[in-house]
Amino acid sequence: MLCPIIRFVLRRASRPARISRGERVVPAPFLYTHQRYFSGHLLSRRLAPDQSMANESLKKMDLDRVEKAIKQALGNSDAWDHNKLKSLLHVICILPISDVMRFADYAVGGYCPDGGKASFPLLTEEEMFLIDKPYHEWATEPFDKLQYSCHENIKALYMNTGDDVHLKTPPFAAFPARLVPLYSKIWLGRAPISHDRWLEKKMDDPANYRNLFELMEDILLIFSWLNDYQTQLRLRSAFNHLFDSYVEFGSAANLRREQSGIKERLDMAGMCVEYFRSIATTASNRTHQWLVDRVNEVQSRAFDQYTASLERAGTDQEAIGAAGRKYYECVQDLNALLTKADYHLSIPMSDFKGVTSSDDALDLDLPIRAKIYAEIAESKSWRFQEAILKRQDQDPPQEKVFQDILTSMNPEKQPAPPRFRDYELFQGHYHEGKKNRAEIRKVLRGEPKTFAEEYWITILKERMEFYLSHGRDRKTHRWGFVCYRLTYNQTDEEWATFQKKFEADVFRSGKWIEGYDSIADMAGIEYVDGRDFAITEGDIEAAKKHFKSTYTVLPTLGRMWTLDFLVIDTPSYQSYARPPGEEKPLPLPFGPSFGDEGGFVRLVDTTNYDQQFLDESAPGYTGSFNVLSTLILEDLYPLITSQIIRPSSLWPIARLHPQGVYVGPTVIGQEAWFEWQRIDKVTMTSAFIKHLREKKAALGNAK
């Protein structure tokens with residue numbers, strides 16, 4: 049017989065889909081405004097004082113231009129929708145070339161991605177440069193006959209020439225595009241969500257636990273994919289090729305050291321394993337501990353709210369049952385996924401070259417880890433969970449009529465079954481589950497982990513110290529983004545007010561991002577007023593030309609990023625000048641979604657992409673999109689400066705947002721709400737444009 053915890057994971061009660069069709073909610077009227085094009089016309093702040101003036105304005109209005117601007121801002125619902133996003137695949141490199149680029153920080157600086165120090169002798173700076181030089185230019189026999197460099201050999205892996213026997217299994221694979229931003233954060237060993245963003249999205253409230261639940265589902269999908277046989281095969285093949293390349297270089301470098309009288313020897317095999325294992329374990333363990341902490345936080349608050357609700361309910365049995373059900377659904381749904389996370393979140397490196405066998409259960413294949421978890425769980429007492437499941441099984445089956453199905457979309461309006469009224473049962477269930485899972489987790493994964501600063505912060509600090517030691521002024525040197533002002537109609541006072549609000553969003557606490565407090569005071573935004581360089585209002589191409597000719601240093605961490613920049617255009621300014629009202633819970637059948645309607649700026653990508661690549665991976669991408677201002681330094685900067693992805697990879701989920709805003713990794717319910725809003729706005733605005741066309745035609749015929 050399956051123990052209750054495994055039984056529950058396998059047969060978790062189905063719940064009404066949050067994104068299914070429900071009663072249509074009539075949205076508030078929508079009127080698009082864009083001062084650059086519409087100032088003085090019908091769609092601007094000032095309406096015509098009388099009908100005749102309005103008619104004259106309509107006659108002069110370029111409705112094609114108006115419609116184009118609206119579609120550019122809101123997207124074309126015929127070209128993009130939620131189903132297209134869910135089916136879009138992005139070809140990713142399972143062993144990113146950015147990891148090879150950062151290997152130098154480990155091999156020369158000794159910085160491990162997990163925050164530790166390298167266990168092996170380090171390369172000298174001269175030897176690091178030799179990695180790029182053909183062997184015949186510096187190596188001794190037998191390597192002096194080799195016409196390629198170590199990096200050229202590694203590059204062949206990513207070029208996928210197929211000429212070498214080692215390259216028959218390339219490191220590329222198709223992956224859901226909507227998950228690429230989240231996958232990239234996880235692979236970089238970063239916290240999935242910062243504390244400020246967590247609160248902004250109101251994910252600390254148990255009433256909104258579905259957001260965390262769906263995020264956990266996406267994380268489980270990512271780690272299931274990383275543990276898939278084909279993914280492991282490609283990852284192993286890529287690693288083994290890198291391993292062989294570095295070992296060959298190490299052998300040549302050691303012969304050179306020997307001839308130079310240097311006794312210390314490089315162990316490139318050990319370094320290669322230590323570096324990449326550090327990446328894999330940090331990605332797994334930091335994500336897992338973050339989930340454990342967040343689930344504990346939400347469940348603890350849910351239990352406290354349940355206890356408080358019982359005190360308010362007194363002897364009202366219906367209120368007691370409603371409180372019990374609300375508590376149980378939150379806690380048990382999250383428990384089901386946390387159970388899976390305990391044995392899913394690992395990236396094993398068994399059978400990788402240079403990796404010695406270990407007793408660590410997390411190095412085993414996923415099915416074996418799941419079996420071990422189940423066996424440990426069987427040894428625990430689940431008395432309270434068993435009692436709840438037994439009572440659930442004893443509930444009489446009910447035939448539902450259509451009205452019952454509609455009512456089921458809002459469980460709070462349904463009377464809770466009697467089993468939800470037993471406080472002692474649910475109190476025992478809470479403490480029993482928490483204790484048992486912690487003990488199982490300790491056996492399977494070891495003691496709870498503490499983490500050093502995130503790797504990008506380590507590298508950023510090292511870079512900044514280098515710049516400061518080579519003449520940069522500590523008082524003025526900053527890391528961050530260049531930001532162009534391309535909207536000019538504001539007074540100085542209005543602009544100062546905007547900047548104050550904008551910077552309050554940008555410069556956040558960084559809580560839950562380990563090490564952020566050590567770099568926060570060096571963050572900055574470098575403003576460029578387009579008027580100073582004769583850039584026309586809203587002319588992004590002119591700003592791009594100026595940026596590329598002005599900021600010519602190589603793009604790297606620790607200074608202003610020189611591959612992409614920010615723009616404050618009219619829509620960006622209006623997102624602060626006319627902020628949305630207070631966010632309220634969404635109408636049924638949508639789940640909770642908060643924190644996605646704040647102020648934003650435009651991110652401009654200077655990369656020249658192959659059109660075929662864009663058509664396949666980022667359809668509709670034109671090189672820029674909006675980004676929530678609160679994400680600029682905490683989320684966007686480390687993501688794109690680490691060069692694991694480019695902005696084009698963020699576009700597919702940004703495109704679904706009603707204003708085309710990147711709001712961080714999104715979940716299914718959140719995306720469904722975006723689509724509903726966007727389609728409704730496009731539909732209503734299209735109807736309005738149609739009305740204007742008809743009226744304009746009538747005015748012309750009246751002549």
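The sequence shown maps to residues 49 to 751 in our numbering.
Even for Gly, the Cβ is constructed at its ideal location relative to N, Cα and C.
Alpha carbon of Ser100 to alpha carbon of Arg556, nearest angstrom: Start at 1 with the first residue of the sequence shown, and residue 100 comes out as number 52. Start at 1 with the first residue of the sequence shown, and residue 556 comes out as number 508. Ser100 and Arg556 have their C-alpha atoms roughly 51 Å apart.
Of the listed residues Pro218, Lys249, Cys198 and Gln278, nearest to Val295 (C-alpha basis): Start at 1 with the first residue of the sequence shown, and residue 295 comes out as number 247. Checked all of Pro218, Lys249, Cys198 and Gln278; the closest Cα to Val295 is Cys198.
Roughly how many angstroms lie between the CA atoms of Thr733 and Leu111, to the nearest whole one? Taking the first residue of the sequence shown as position 1, residue 733 is located at position 685. Taking the first residue of the sequence shown as position 1, residue 111 is located at position 63. In this structure, the straight-line span from the alpha carbon of Thr733 to that of Leu111 is close to 12 Å.
Ends of the beta strand (DSSP E) at Tyr575? For the purposes of this step, residue 575 is identified with residue 527 of the sequence shown, where counting begins at 1. Counting along the chain, the beta strand (DSSP E) containing Tyr575 begins and ends at Ala571 to Asp577.
Please work out which residues of its chain come closer than 7 Å, Cβ to Cβ, to Leu393, disregarding the five sequence neighbours upstream and downstream, and give them in chain order. Position 345 of the sequence shown holds residue 393. Contacts found: Phe271, Ser332, Thr335 and His336.
Given that a residue counts as buried once 16 or more other Cβ atoms are within 10 Å of its Cβ, and exposed if not, what is Tyr575? Looking up residue 575 in the sequence shown gives position 527. Tyr575 comes out exposed.
Which residue marks the beginning of the beta strand (DSSP E) containing Gly528, and which one marks its end? Residue 528 sits at position 480 when you count from the first residue of the sequence shown. First-last of the beta strand (DSSP E) with Gly528: Trp527 to Arg533.
Is the number of C-beta pairs between the segment 470 to 481 and the segment 307 to 314 that are closer than 8 Å three or more? The count of Cβ pairs closer than 8 Å, one atom from the segment 470 to 481 and one from the segment 307 to 314, stays below three, leaving the stretches out of contact.
Helix, strand or coil for Pro12, going by three-state DSSP, please let me know. Any answer about residue 12 is impossible in this case: the structure gives the chain only from 49 up to 751.
Examine the ligand NAP and report whether any of its heavy atoms sits within less than 8 Å of the Cβ of Ser597. The ligand NAP is not part of the structure shown, which contains no ligands of any sort.
Three-state secondary structure assigned by DSSP to Ile267: Within the sequence shown, the letter at position 219 stands for residue 267. Helix.
Checking contacts by CB at 9 Å: is Leu534 closer than that to chain B? Absent here is chain B; the protein component of the structure consists of one chain.
Skipping 5 residues on each side, what residues in its chain have a beta carbon closer than 8 Å to that of Thr279? Within the sequence shown, the letter at position 231 stands for residue 279. For Thr279, where only same-chain residues beyond five positions count, the Cβ hits under 8 Å are Ile142, Ala221 and Trp273.
For Glu175, collect the residues of the same chain with a Cβ closer than 6 Å to its Cβ; drop the 5 residues on either side in sequence, then sort them by chain order. The residue given as residue 175 occupies position 127 in the sequence shown. Cβ within range, chain order: Ala301.
Taking 9 Å as the threshold (C-beta atoms), are Arg245 and Ile629 in contact? The sequence position of residue 629 within the sequence shown is 581, counting from 1. The sequence position of residue 245 within the sequence shown is 197, counting from 1. Correcting the residue identity first, residue 629 is Gly in this sequence and not Ile. If you check the CB distance, Gly629 and Arg245 do not come in under 9 Å.
What do you reckon, are the CB atoms on Leu614 and Arg650 nearer than 9 Å? What you label residue 614 is simply residue 566 of the sequence shown in a count that begins at 1. What you label residue 650 is simply residue 602 of the sequence shown in a count that begins at 1. Taking the C-beta atoms as reference points, Arg650 is found nearer than 9 Å to Leu614.
Neighbourhood of Ala409 by C-beta, 7 Å cutoff - its chain only, sequence neighbours within 5 removed: Here residue 409 refers to the residue found at position 361 when the sequence shown is read from its first residue. Here Ala409 has Arg417, Ile420 and Leu492 as same chain residues with Cβ atoms under 7 Å from its own Cβ, once five neighbours each way along the sequence are excluded.
Tell me the residue span of the beta strand (DSSP E) that contains Arg650. For this step, residue 650 is matched to residue 602 along the sequence shown. Segment Phe648 to Asp653, the beta strand (DSSP E) holding Arg650.
What residues in its chain sit with their C-beta under 7 Å from that of Glu265, if we drop five residues either side in the sequence? Looking up residue 265 in the sequence shown gives position 217. Residues Leu385 of the same chain have their beta carbon placed closer than 7 Å to that of Glu265, with the five preceding and five following residues left out of the count.
What is the DSSP secondary structure of Cys320, reduced to helix, strand or coil? In the sequence shown, residue 320 corresponds to position 272, counting from 1. The answer is helix: DSSP assigns Cys320 an H, G or I state.
Beta-bridge partners of Leu676, as assigned by DSSP: For this step, residue 676 is matched to residue 628 along the sequence shown. Looking at the DSSP assignment, Leu676 forms a beta bridge with Phe648.
Is Arg556 helix, strand or coil by DSSP? Your numbering for residue 556 matches position 508 in the sequence shown. In the structure shown, Arg556 sits in coil (DSSP, three-state: anything other than H, G, I, E or B).
Let me know the secondary structure DSSP gives Phe499 once reduced to three states. As a first step, residue 499 must be located in the sequence shown, where it is residue number 451. Per DSSP, reduced to three states, the secondary structure at Phe499 is coil, with no helix or strand assignment.
Whole-angstrom C-beta distance between Trp721 and Ser641, which should lie under 8 Å: The count along the sequence shown starts at 1 and reaches residue 641 at position 593. The count along the sequence shown starts at 1 and reaches residue 721 at position 673. In this structure Ser641 touches Trp721 by the C-beta definition: roughly 5 Å separates them, less than 8 Å.
For the candidate residues Tyr154, Arg526, Pro667 and Pro700, whose alpha-carbon lies nearest to that of Thr714? Mapped onto the sequence shown, residue 714 falls at position 666. When Tyr154, Arg526, Pro667 and Pro700 are compared, the shortest CA-CA separation from Thr714 is found for Pro700.
Taking the alpha-carbon positions, what's the Ile234 to Thr498 distance? Along the sequence shown, read from residue 1 onward, the residue named residue 234 stands at position 186. Along the sequence shown, read from residue 1 onward, the residue named residue 498 stands at position 450. Rounded to the nearest whole angstrom, the CA to CA distance from Ile234 to Thr498 is 17 Å.
Looking at the unbroken alpha helix (DSSP H) that takes in His289, where does it start and where does it end? Counting from 1 along the sequence shown, the entry for residue 289 is found at position 241. For His289, the uninterrupted alpha helix (DSSP H) run begins and ends at Tyr277 to Gln307, by DSSP.
Give me the DSSP bridge partner(s) of Tyr710. Within the sequence shown, numbered from 1, the residue matching residue 710 stands at position 662. According to DSSP, which records beta bridges pairwise, Tyr710 is partnered with Val675.
Grab the span of the alpha helix (DSSP H) containing His392 for me, first residue to last. In the sequence shown, counting from the first residue as 1, residue 392 sits at position 344. Start and end: Gln365 to His392.
For Phe613, the first and last residue of its enclosing beta strand (DSSP E): Position 565 of the sequence shown, counted from the first residue, corresponds to residue 613. Run containing Phe613: Asp612 to Ile616, per the beta strand (DSSP E) assignment.
What is the rounded straight-line gap between the Cα of Arg607 and the Cα of Phe514? Translated into positions along the sequence shown, residue 607 becomes position 559. Translated into positions along the sequence shown, residue 514 becomes position 466. In this structure, the alpha-carbon of Arg607 lies about 11 Å from that of Phe514.
Quick check on this structure: which residue in Leu508, Leu137, Gln440 and Gly164 has the alpha carbon closest to the alpha carbon of Ile567? Against the sequence shown, residue 567 aligns to sequence position 519. Ranking Leu508, Leu137, Gln440 and Gly164 by Cα distance to Ile567 puts Leu508 first.
Asp364 to Pro466 span [Cα, whole Å]: Locating residue 364 in the sequence shown gives position 316, where the first residue counts as 1. Locating residue 466 in the sequence shown gives position 418, where the first residue counts as 1. Straight-line spacing of the CA atoms in Asp364 and Pro466 works out to 12 Å.
Does His138 come out as helix, strand or coil in the three-state DSSP assignment? Within the sequence shown, residue 138 is the residue found at index 90, counting from 1. Here His138 carries a strand assignment [DSSP, helix/strand/coil].
Is the segment 676 to 688 close to the segment 545 to 565, with three or more CB pairs under 8 Å? In short, these stretches touch, since the Cβ pair count reaches three.
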